[in-house]
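Numbering (my numbering), first residue to last: -5 to 125.
Structure representation (structure tokens):
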């Protein structure tokens, strides 16, 4: 029952925007737990009578992911950026062929400058205004 408000919101949303810090090449535990409890059978996907998996979020138009990384982009690519892949690839499969996914990342946050962080925020504002 505590999750019903999230499930109702997910069933009505056309755009998902996820904002999170990447931890150890993955999603924070709280976000991963939310995904596992809310995006369940009957919400994110369904099974047909022949046990085929079908999308459940057919109203979903966009998935946009915004994340920060302590590591440089080259390292994040080597370890496959699992959080990004879960949200932009796997979650997109819960929508239709028209569901689009995009990503914005601030890499090497530990050594970033005030200017690079401000530019990242401006880029986010510009990108999300067009969603």
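Where is the CB? At the ideal position from N, CA and C, for every residue including glycine.
Since this is a predicted model, take the numbers as computed values, not measurements.
* Tell me the DSSP bridge mates of residue 17? -> 20
* Report the option in 73, 88 and 50 whose CA atom is closest to the CA atom of residue 63. => 73
* **Counterpart residues of residue 40 in DSSP-defined beta bridges** => Its beta-bridge partners are 48.
* Asked: Is the CB-CB distance between residue 96 and residue 58 below 7 angstroms?
  -> yes
* With DSSP as the reference, label residue 131 as helix, strand or coil. => Examination of residue 131 is not possible in this model, given that the chain is present from -5 through 125 alone.
* Asked: Cβ of residue 13 within 7 angstroms of Cβ of residue 60?
  -> yes
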